[in-house]
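Per numbering that gives the first Met the number 0, the sequence shown starts with residue 0, numbered consecutively. C-beta atoms are modelled at their ideal positions from N, C-alpha and C, and glycine is treated no differently. Source: prediction; values computed, not measured. Comments concern the structure below.
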Amino acid sequence: MIELLALPGLPEVRPGDDLARLILDTGTELTADDVLVVAHKVVSKAEGRVVDLGDVTPGERARRLAADHGKDPRHVEVVLSEAAQLVRADGGRLICRTRHGFVCANAGVDQSNASHPDQLILLPLDPDASARRLRAALPNRPAVIITDSFGRAWRTGQCEVAIGAAGIIALEDWRGQPDTQGRELHATMIAVADEAAAAADLARAKDSREPAIRVRGLHRHITPEDGAGVAPLIRRLEDDLFR
0 MIELLALPGL PEVRPGDDLA RLILDTGTEL TADDVLVVAH KVVSKAEGRV
50 VDLGDVTPGE RARRLAADHG KDPRHVEVVL SEAAQLVRAD GGRLICRTRH
100 GFVCANAGVD QSNASHPDQL ILLPLDPDAS ARRLRAALPN RPAVIITDSF
150 GRAWRTGQCE VAIGAAGIIA LEDWRGQPDT QGRELHATMI AVADEAAAAA
200 DLARAKDSRE PAIRVRGLHR HITPEDGAGV APLIRRLEDD LFR
């Protein structure tokens, strides 16, 4: 059985806040067999990964893209600063590859759940490191997954995925194992961290201000070591058919 519980009572997170302390103050029990799934917005806010649009001066490329796609040039400038590569710009969408290797809209730069109307929230600089720090700061060291909403190739709508992880096997490789009929599996790899992220998103509403979810029942995927984070989930460039 898998059980998901949204942690209640988490306040508005601001730069410099001790996120682990805020989580503990909810009074929710966390054990070594639990997975704590946290929306990246609160992690980014606590780490000061926010930008005020009034402090941004757009460059020529940002102004040109903004004019072509009906966007605020200051917002585009921040997106470009966070993008390792602009993969495609079409219909108002800027699809970028980030420094982390993620391919996503606007390099993960977003205004939703920002504390102020003219504020942007960026992805953590190193989400795996953020997950490791949060895990180390919590009693009993539960596994930690940090998430964001991504669009998906071939599918409509967004789905929560793991962008940082500590203490959980993010990708379970079943290749070489038999299926129920005894046939050898050749391609099956289960994105455990992504599936936990998506499940956790169902335990909260987008406007619920419940960014942290305790997940129980995934103990067989939890490791004492922090592990490789989400690196196993990132498709290699040479295998990326959409680049």
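Here the alpha carbons of residue 183 and residue 237 stand approximately 26 Å from one another. Closest by C-alpha distance to residue 104, out of 78, 41, 177 and 124, is 78. DSSP, reduced to helix, strand and coil, places residue 126 within a helical segment of the structure shown. Pairwise C-beta distances place the region 32-39 in contact with the region 209-223, as three or more of them are shorter than 8 Å.
For residue 47, no pairing in a beta bridge is given by DSSP. Residue nearest to residue 58 within the set 141, 27, 80 and 49 is 80 (criterion: CA-CA distance).
Secondary structure of residue 53 (DSSP, three-state): helix. Secondary structure at residue 96: strand, using DSSP grouped into helix, strand and coil. Per DSSP, residue 22 is one residue of the alpha helix (DSSP H) stretching across 18-23. A straight-line Cα-Cα distance of about 11 Å links residue 219 and residue 34. Using a Cβ-Cβ distance cut-off of 8 Å, the region 158-178 and the region 135-147 are in contact, since at least three pairs of beta carbons, one from each stretch, lie closer than that value. The region 185-203 makes contact with the region 166-175: 3 or more CB pairs, one atom from each, lie closer than 8 Å. Counting C-beta pairs closer than 8 Å gives three or more between the region 43-50 and the region 119-126, which meets the contact rule. Apart from sequence neighbours up to five positions away, the residues of its chain that approach residue 32 with a beta-carbon distance below 6 Å are 218, ordered along the chain.
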